[in-house]
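At position 724 of the sequence shown the residue is numbered 723 (numbering that gives the first Met the number 0), and the sequence of numbers has no breaks.
Worksheet: one structure, shown below.
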Amino acid sequence: MRLGRTEDAYREILASMPLLERIDSDFFTAAAYNSLGVTQLYSGLYKQALDSFVTGKRFAGAFPDRVIGRLLGVNMGLAYLDSGFPGQAAVAFREGRDWALSLGHVGRAMIASTLLAKARVMDGDPETALEELQPYLAGDPSSADPDSMAHVYLIAGRALLALNNIAGAEDYFRKGLAITDKFGIELRGGELQLQLVNTMALQDNREAAYQEMTRLLPSLRSFSTNILDKALKTYATLAAETGHPDIAYQALAESLSLQERYRGSDYDRKLILLEAEAEVQKMQAAAARARELSLAEARMFRVNVLLLVFGVVIFILIVVVGIISYKRRLATDLVRHQQNTATLLESEVARVTAELEAQMTERMQSEEDKRLLEARIAEDDKMRALGQLTGGIAHDYNNLLTIIGTSVELLGSDIESADGREYVSTIERAVETCRNINRGLLSYARQQPLTPKVINVSERLSELQRIFQQTVGEEVQLNIQLENGLYVRVDDAQLTTALINLLNNARDASGGHGVIMLKANRQAANGMLQISVEDRGCGMSPEQLARAHEPFFSTKISPIASGLGLSMVHGFAHQSGGHLHLESEEGLGTTITLSLPLVDMPQTGLHESPSVTEIPQGLCAVVVDDNVQLCELVKAMLSQFGFRVSTAHNASDAWQTVQQVQPDLLLSDIMMPGKFDGLGLAQRARALFPSLCILMMTGYSEERADFPVLDKPFTMKQLREALQMMDWEQTADGARYSRPARQSAE
Numbered sequence: 000m001r002l003g004r005t006e007d008a009y010r011e012i013l014a015s016m017p018l019l020e021r022i023d024s025d026f027f028t029a030a031a032y033n034s035l036g037v038t039q040l041y042s043g044l045y046k047q048a049l050d051s052f053v054t055g056k057r058f059a060g061a062f063p064d065r066v067i068g069r070l071l072g073v074n075m076g077l078a079y080l081d082s083g084f085p086g087q088a089a090v091a092f093r094e095g096r097d098w099a100l101s102l103g104h105v106g107r108a109m110i111a112s113t114l115l116a117k118a119r120v121m122d123g124d125p126e127t128a129l130e131e132l133q134p135y136l137a138g139d140p141s142s143a144d145p146d147s148m149a150h151v152y153l154i155a156g157r158a159l160l161a162l163n164n165i166a167g168a169e170d171y172f173r174k175g176l177a178i179t180d181k182f183g184i185e186l187r188g189g190e191l192q193l194q195l196v197n198t199m200a201l202q203d204n205r206e207a208a209y210q211e212m213t214r215l216l217p218s219l220r221s222f223s224t225n226i227l228d229k230a231l232k233t234y235a236t237l238a239a240e241t242g243h244p245d246i247a248y249q250a251l252a253e254s255l256s257l258q259e260r261y262r263g264s265d266y267d268r269k270l271i272l273l274e275a276e277a278e279v280q281k282m283q284a285a286a287a288r289a290r291e292l293s294l295a296e297a298r299m300f301r302v303n304v305l306l307l308v309f310g311v312v313i314f315i316l317i318v319v320v321g322i323i324s325y326k327r328r329l330a331t332d333l334v335r336h337q338q339n340t341a342t343l344l345e346s347e348v349a350r351v352t353a354e355l356e357a358q359m360t361e362r363m364q365s366e367e368d369k370r371l372l373e374a375r376i377a378e379d380d381k382m383r384a385l386g387q388l389t390g391g392i393a394h395d396y397n398n399l400l401t402i403i404g405t406s407v408e409l410l411g412s413d414i415e416s417a418d419g420r421e422y423v424s425t426i427e428r429a430v431e432t433c434r435n436i437n438r439g440l441l442s443y444a445r446q447q448p449l450t451p452k453v454i455n456v457s458e459r460l461s462e463l464q465r466i467f468q469q470t471v472g473e474e475v476q477l478n479i480q481l482e483n484g485l486y487v488r489v490d491d492a493q494l495t496t497a498l499i500n501l502l503n504n505a506r507d508a509s510g511g512h513g514v515i516m517l518k519a520n521r522q523a524a525n526g527m528l529q530i531s532v533e534d535r536g537c538g539m540s541p542e543q544l545a546r547a548h549e550p551f552f553s554t555k556i557s558p559i560a561s562g563l564g565l566s567m568v569h570g571f572a573h574q575s576g577g578h579l580h581l582e583s584e585e586g587l588g589t590t591i592t593l594s595l596p597l598v599d600m601p602q603t604g605l606h607e608s609p610s611v612t613e614i615p616q617g618l619c620a621v622v623v624d625d626n627v628q629l630c631e632l633v634k635a636m637l638s639q640f641g642f643r644v645s646t647a648h649n650a651s652d653a654w655q656t657v658q659q660v661q662p663d664l665l666l667s668d669i670m671m672p673g674k675f676d677g678l679g680l681a682q683r684a685r686a687l688f689p690s691l692c693i694l695m696m697t698g699y700s701e702e703r704a705d706f707p708v709l710d711k712p713f714t715m716k717q718l719r720e721a722l723q724m725m726d727w728e729q730t731a732d733g734a735r736y737s738r739p740a741r742q743s744a745e
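Structure representation (C-alpha cells):
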C-alpha cells in the first residue's frame, strides 16, 4: 500500500467511523475497525492499531468462526509484533494458522505460518522460525502465491541473519527479490531491497551500502510509513558512518516528521529539527572522538619509535663494550678452554659410541623378533589351511566308511563259507583302521566331536598305569609322578588316546629301553594342569621340531608310521581349551607337555545309567541323507529291525514326507544342502509332533543341538544300541507299542 493512499484511506475511515457505529451491525463494525487498524499499522500507529483490533474483536465475538474474526486475530498479532510483543503475536498467528488449515485455506495458512516465523525471530528463536518455514522452502516456489513466497524468503533471511549466516540470508533475499521483480510486487520488493542493504552493511561494506541506499530511497518514499521510516533510519546511520553528517541530519529529521504526522496534534517542526540535529551531533562527536584517539595513537606510536631507536643505540653500545671485554677474557683463557674441550669431546665420543652399539644391538634383536613372529604367523596359517583340508577330507571320508562298513556287515550275514567270512573280517578291520586314521585327522583339524566330562586326573592315570606300561614295553622303566586333587573337563577316551600316542613316541625315540617320566601337576603361573612325557632318547633337530605338529610328518623309519599321533594330540589340546609344548635337543631327549584348564571338583552323587528298551516292531521311520547310497543302506538296516522306512535326500523333501506319513522315528543327517539342514528339520518335526523319536547322524558337525547323535562311520550294532536308548512307549502289560497322540499336520 503506497504512502499517499494510506493517508487518504486512514482519513476516510476515521471520518466514516461515527456513521458505522450508528449502524446496528456487529459484522460491519468489526470490519470497519479491522480496516482502521490496518491503516494505522501502515501509518506506524501501532498502539492505536492494537486498540482498533481489540475493539473489532469484541464486535466479532458473536461469530468467532467467521473470516472477519480470524482476520482480526491475525491483524492483532501484527499489532503486537510491531508494538514489541512477539510472544503474544505468536499466539495469535498460531491460532490463525490452525484455523486456516482446518478449513483447507492453504494460502491463508502460509501467510499465518510466515508471520508466526517472523514472531519467532523477533522473540530470539530463529531455529524454530526456520522449522516453521521449512515446508515452503523445500517445496516448489512457483506453486505458491508470489507475494507469500517472497515473504517466506524475507523471514527466512532474517532468521539466518540472527544465526550469523550472512551468506545464506543474502541468498534468500535475492530469491525473494527475483519473485517481486518478476511479478511487480513493489511493497515486498522494497522490504527485500532494504534487507539486502543491511546485509551489505553487516559485511563491512558500508560505503557500497550507503550508495545503494541513496539509489533506493526515492523509490521507497512511495511505500508505507513503516517501511519508509526504517529506510530513513538506515540511511541516516550509513550516512553518519561514511562521513556525511548533513545527509544523516536530513534523513533523521524526515523520519521524526514522518512519525509525528498521524498523531493528531500540532507538532513543532523546530523540535523535530533540534532532535535530528542532536542525533547527528552525537554521531559527529563519536567520529571526532575516534579521530582524536587515532591522533593520540599516532603520537604515541612516534614516541615509541623514538624510544625504540634510542634503546637500540644504547644496546649496541653495551654489546660493543661486552664484546671487547669478552675478547680480553678469551685471550687469557684460550689454552685452558682448548684442553677442557678436548677432554669433553673424548668423553662425548665414547658415550655416543656406546649408545650406537646399544641401538644396533636393540635393532638386531627387534628384527630377529619380527622375523620369528612372521615365521610363527606363517606357520599358523599353514597349519590352519592343513586343518581345513584334513577336516574336509575326513568329513566326506566318514560317509564312505559308513557305506563300506554297513555294506560289509549286511553282506556278512549271507556268507556261509569260512574264506568269505575271513575276507569280510579283513574288510571290517581295514574299515576300523581307516576310522581311527579319520579320527586322527579330525583331531588334528580340531573338528573331532568330543564328549567332555569332569575327571580326576590322578585317579584316571593310576587306573591306566598298567596299560601305559604295556604300551612302552617291559624293557622301558616308566616312572609316574601324580599330584592329587586335579580335575579337568575333557573327553576321557581322547585324553587316553593322546597319552598313549605320546608314550609311543617316547618309546620309539628311546629305542625300546631306558627311562620315561610321566608327570601330572598344577602349574602355579597360570593355574593349568600340566601332563608331561619326558624321554632321554634321540631328540629332534630344530628343523624337525618346527614340523613336529604337521600331519603325516614323522621322524620314524618304520613304514607304518602315519605321522598323525602328535598332530592328533595337538588338535585335541586346542579343541579342549589347552595347548601342546615341545622341548627337544638332538641326542638329549624330548619333553612334551600337554596343558589343560583345571576345573573345580564335581559334586559327588550317583548317576543313573540310561535305560535300554527293546525296539518295537512295525513302526514307521523316515531316513534323510544327501548321500543316496548311504540312505539306502540305513533303510536296509532299519528294515531288518522291523521298521517301515521312507527316504528323502534333502530336508525340504523330508519335511513333506514327515507331514504325510507322521512317522514314529526320524533318522536324519545334520549337514545337508538346501534352505535348512537336518537340525532345522528335527526342530520343525519336534514342534509339530512333540512325542516323535529323533536320532541325528553326522560325519562331523559343530552343531549337536539337543538331540541324540550317532557319529559316522557306525555299524549295524551301534545303530541298534542307539535305537534301544530311545524312549519307546509301550502299553501297561509291555506286550506291544502304544502310538503316542499326534497333532494335526495342519
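Every residue, glycine too, gets a C-beta built ideally from N, C-alpha and C.
These figures come from a predicted structure and were not determined experimentally.
So within the region 583-655, which uninterrupted beta strand (DSSP E) runs reach at least 3 residues, ignoring any that extend past its ends? 588-596, 619-623 and 643-647
Nonlocal neighbours in the same chain, by C-beta distance under 6 Å from Ser254, ignoring five residues either side: Asp228, Leu231 and Lys232
Do Leu71 and Gly83 come within 8 Å of each other at the CB atom, strictly closer than that value? In this structure, Gly83 sits away from Leu71, with a CB-CB distance that is not shorter than 8 Å.
Would a C-beta distance cut-off of 8 Å place Phe92 and Gly106 closer than the cut-off? no
Just list the beta strand (DSSP E) runs in the region 472-550, keeping only unbroken ones of 3 residues or longer that don't cross its boundaries, in chain order. 475-481, 486-490, 513-522 and 527-534
On the DSSP bridge assignment, give the partners of His578 in chain order. Ser594
Which first and last residues belong to the alpha helix (DSSP H) in which Ser457 is found? According to the DSSP assignment, Ser457 belongs to the alpha helix (DSSP H) that extends over Val456 to Glu462.
Start-to-end residues for the alpha helix (DSSP H) that takes in Thr198: If you look at Thr198, you'll find it in the alpha helix (DSSP H) that goes Glu185 to Leu201.
Given this structure, state the Cα-to-Cα distance separating Glu190 from Ile226, to the nearest angstrom. 7 Å
Starting from the Cα of Arg173, find the closest Cα among Asn163, Thr198, Ala686 and Ala161 and give me that residue. The residue among Asn163, Thr198, Ala686 and Ala161 with its C-alpha nearest the C-alpha of Arg173 is Thr198.
Applying the criterion that 16 or more other CB atoms from any shown protein chain within 10 Å of the CB defines a buried residue, is Tyr325 buried or exposed? exposed
Taking Asp97 as part of the alpha helix (DSSP H), name the residues at either end of that continuous run. Pro85 to Leu102
What did DSSP end up calling Met148 once you bin it into helix, strand or coil? helix
Return yes when the Cβ of Leu544 is within less than 8 Å of the Cβ of Leu581, no when it is not. Their beta carbons are under 8 Å apart, which means Leu581 touches Leu544 by this criterion.
Answer with buried or exposed for Ile402, where buried requires no fewer than 16 other C-beta atoms within 10 angstroms of its C-beta. Ile402 counts as buried, since at least 16 other C-beta atoms from the protein chains shown sit within 10 angstroms of its C-beta.
Taking buried to mean at least 16 other C-beta atoms within 10 Å of its own C-beta, is Asp726 buried or exposed? exposed
Once you ignore the five residues that flank Arg464 on each side, which residues in its own chain have a CB closer than 7 Å to its CB? A small fix is needed here, since residue 464 is Gln in this sequence, not Arg. Once the five neighbours on either side are set aside, the close Cβ partners of Gln464 are Ile479.
Sequence-distant residues of the same chain with beta carbon closer than 7 Å to Lys46, five excluded per side: Ser82
Please classify Met299 as buried or exposed, where buried requires at least 16 neighbouring CB atoms within 10 angstroms. Met299 comes out exposed.
Using the three-state DSSP reduction, which class does Thr697 fall into: helix, strand or coil? strand
When the distance is taken between beta carbons, is Val598 closer than 8 Å to Val487? In this structure, Val487 places its C-beta atom within 8 Å of the C-beta atom of Val598.
So Pro596 packs on Gly577, CB below 8 Å; how close in whole Å? 6 Å
Below 8 Å on the Cβ atoms is my contact criterion, and I expect Val568 with Arg535 to pass it. Report the Cβ-Cβ distance as a whole number of Å. Actually they do not touch by this definition, with Cβ atoms about 20 Å apart.
Could you give the DSSP three-state label for Lys711: helix, strand or coil? coil
Can you tell me which residues form a DSSP beta bridge with Pro451? Asp490
Would you mind stating whether Ser583 and Gln529 have Cβ atoms separated by less than 8 Å? no
Just curious, the beta strand (DSSP E) that Arg668 is in, first and last residue? One detail in the question is off: residue 668 reads as Asp in this sequence, not Arg. Where Asp668 is concerned, the enclosing beta strand (DSSP E) stretches over Leu664 to Asp668.
Rounded to a whole number of angstroms, what is the C-alpha to C-alpha distance between Ala572 and Gly673? Approximately 34 Å, taken between the alpha carbons.
Excluding the 5 residues flanking Ala128 on each side, which residues of the same chain have their C-beta closer than 6 Å to its C-beta? Hits under 6 Å: Ala116, Arg119, Val120 and Ala158.
How would you label Gln493, buried or exposed, when you count the other beta carbons within 10 angstroms and need 16 or more for buried? With 16 or more other Cβ atoms within 10 Å, it is buried.
Taking the alpha helix (DSSP H) that Leu691 belongs to, which residues open and close that run? Segment: none, Leu691 is in no alpha helix (DSSP H) and carries neither H nor E.
If you check the beta carbons only, do Val621 and Thr656 fall under 8 Å apart? yes
What is the DSSP secondary structure of Leu162, counted as helix, strand or coil? coil
Neighbourhood of Asp146 by C-beta distance below 7 Å, restricted to the same chain and skipping five residues each side: Only residues of its own chain outside the window of five on either side were considered, and among them Ile184 and Arg187 have a CB closer than 7 Å to the CB of Asp146, listed in chain order.
Tell me which residues share the same chain as Arg262 and place their Cβ nearer than 6 Å to its Cβ, disregarding the 5 neighbours each side in the sequence. Note that Arg262 scores 46 on pLDDT, short of 50, meaning its location in the model is unreliable and no value can be drawn from it.
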